[in-house]
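First the structure, in the form of structure tokens, and then the observations on it.
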Amino acid sequence: MPYDAQFSSGNPLTVDHTPSGAAVPAGAVVVTNDTPRVCHRDIADGALGALAAEGGVYLMTGDGIIAADKRVYWDSTNKKITLTASTFKIFGVTVTACSGNNATCLVRHDPSA
Numbered sequence: 001m002p003y004d005a006q007f008s009s010g011n012p013l014t015v016d017h018t019p020s021g022a023a024v025p026a027g028a029v030v031v032t033n034d035t036p037r038v039c040h041r042d043i044a045d046g047a048l049g050a051l052a053a054e055g056g057v058y059l060m061t062g063d064g065i066i067a068a069d070k071r072v073y074w075d076s077t078n079k080k081i082t083l084t085a086s087t088f089k090i091f092g093v094t095v096t097a098c099s100g101n102n103a104t105c106l107v108r109h110d111p112s113a
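Per my numbering, the very first residue in the sequence shown carries number 1; after that it's consecutive.
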């Protein structure tokens, strides 16, 4: 499975998470209580694990041209970051620019941005 968010650097703050209904693979973005979080290690269904709540920098796929230092949102349907707020949840701020649809960029995970 390709990563939703591939860890690059930083010191993420993690919170406990127990999946219910399906395992969560490493690199997946999971929205819990309106907050996108990132799984660093595979978590079996029903097992206690942890999700990064903020603090890391991740390689992610964008839905179009996105400049550096822009607030971005997690589109859980298309598995991409976007500038469009809509009903999407704030993921953080771009560190590098995204050159277009399906291109990658680095994003600082900061859901309070």
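By construction, the Cβ of each residue, glycine as well, lies at the ideal position given by its N, Cα and C atoms.
Note that the structure is a prediction, hence the values are computed from the model and not measured.
Asked	Found
Measure the alpha-carbon distance for D42 versus A26 and round it to whole angstroms.	5 angstroms
Is the distance from the Cβ of T82 to the Cβ of L51 below 8 angstroms?	no
In its own chain, which residues sit with a C-beta less than 6 angstroms from the C-beta of M60, not counting the 5 before and 5 after it?	A5, I81, V107
I need the DSSP call for A97, collapsed to helix, strand or coil.	coil
Can you list, in chain order, the residues of its chain whose CB lies under 8 angstroms from that of A22, leaving out five sequence neighbours each side?	D45
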